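Down below is the structure, laid out as structure tokens.
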Amino acid sequence: MSKPSMSKGDLFTSKACGQFKVLNYTDCENVEIEFIKTGYKNIISSIQIRRGTVKDRLFPSIYGVGFLGDGVHKIWLNGKPTKAYAIWSSMVRRCYSAKDHEALYKTYKDCSVCAEWLNFQNFAEWFDENYIEGYDLDKDIKVDGNKIYSPEFCLFVTKTENTVKASAKSHKIKSPKGDEIEIYNLEKFCRENKLSSKMMWQVMNNKITNYKGFTKSTPTD
11 MSKPSMSKGD LFTSKACGQF KVLNYTDCEN VEIEFIKTGY KNIISSIQIR
61 RGTVKDRLFP SIYGVGFLGD GVHKIWLNGK PTKAYAIWSS MVRRCYSAKD
111 HEALYKTYKD CSVCAEWLNF QNFAEWFDEN YIEGYDLDKD IKVDGNKIYS
161 PEFCLFVTKT ENTVKASAKS HKIKSPKGDE IEIYNLEKFC RENKLSSKMM
211 WQVMNNKITN YKGFTKSTPT D
């Protein structure tokens, strides 16, 4: 009988998920391992170990915080991301991608995802019970100003509800006369003053500096 190529206690390193140890060797197709950092356990083949392709489903591979988890919910179906995974990864990205905070999601710098939902499997479970086709995930309609994505605060809303809520926030602008105006609902303000909301949003997002004499108010104004 040939000697096993590995034994209990042997340490190995995966290409993407760090170091793990062998807990039990039955045969080359059944090797129980445990990742040192997360404690995630699995039974895999010795070839996977040698190639370094062992995956830790508790490893925070999504923007340094989110992980796929060990469960029934898939991230891919027929070659495309599942709806649950697409929404989950977008949520994590909004909160934890420093690069996107500068370019796309400046208002999300102080937002976070609850510990339970950093595990995709937990989010997907909630998603299956609550998702309505065509609706958007919202975190602050239930509680105004909320900055935490969690099952307590989140719900799915229509795109119209989401747009109204997004626009119904305080904005400070300067009028053509130089007066500072604080606006709560930019869409409503534009309708009442016959202004293009698209152009005013470009002013507020620093895409343009001036629209019909209206400018974005700065902290030094």
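Counting the sequence shown from 1 gives a position; the numbering used here is that position plus 10.
Cβ atoms here follow ideal geometry from the backbone N, Cα and C, with glycine treated the same way.
None of these values were measured; they are calculated from a predicted model.
- Here the alpha carbon of S71 sits roughly 8 Å from the alpha carbon of L78.
- Short of 6 Å from the beta carbon of C200, and not among the five residues preceding or following it, lie these beta carbons of its own chain, in chain order: S207 and M210.
- Within the stretch 107-182, the alpha helix (DSSP H) runs of at least 4 residues that lie entirely inside it are, in chain order, 108-113, 130-140 and 169-177.
- The stretch 81-97 makes no contact with the stretch 110-121, as fewer than three CB pairs between them are under 8 Å.
- For F199, no beta strand (DSSP E) run applies; the uninterrupted alpha helix (DSSP H) run containing it begins and ends at L196 to E202, by DSSP.
- CA-CA distance, K184 to L205, rounds to 14 Å.
- As DSSP reads the structure, V41 sits in a beta bridge with Y35 and I54.
- In the DSSP assignment, the residues bridged to G76 are I72.
- Counting other Cβ atoms within 10 Å of its Cβ, G76 reaches 16 or more and is therefore classed as buried.
- S55 places its beta carbon 7 Å or farther from that of E42.
- Closest option to R104, judged by alpha-carbon separation, among Y159, P186 and L165: Y159.
- Three or more beta-carbon pairs separated by less than 8 Å link the stretch 161-168 to the stretch 139-146, which places the two stretches in contact.
- When DSSP states are grouped into helix, strand and coil, S24 belongs to the strand group.
- When the alpha-carbon of P91 is set against those of F130, S227, D148 and M214, the nearest one is in F130.
- When DSSP states are grouped into helix, strand and coil, K184 belongs to the strand group.
- One Cα belongs to F224, the other to P186, and the distance between them is close to 5 Å.
- Nearest in C-alpha terms to K175, of all of G49, L196 and E135, is L196.
- DSSP, read as helix, strand or coil, puts K93 in helix.
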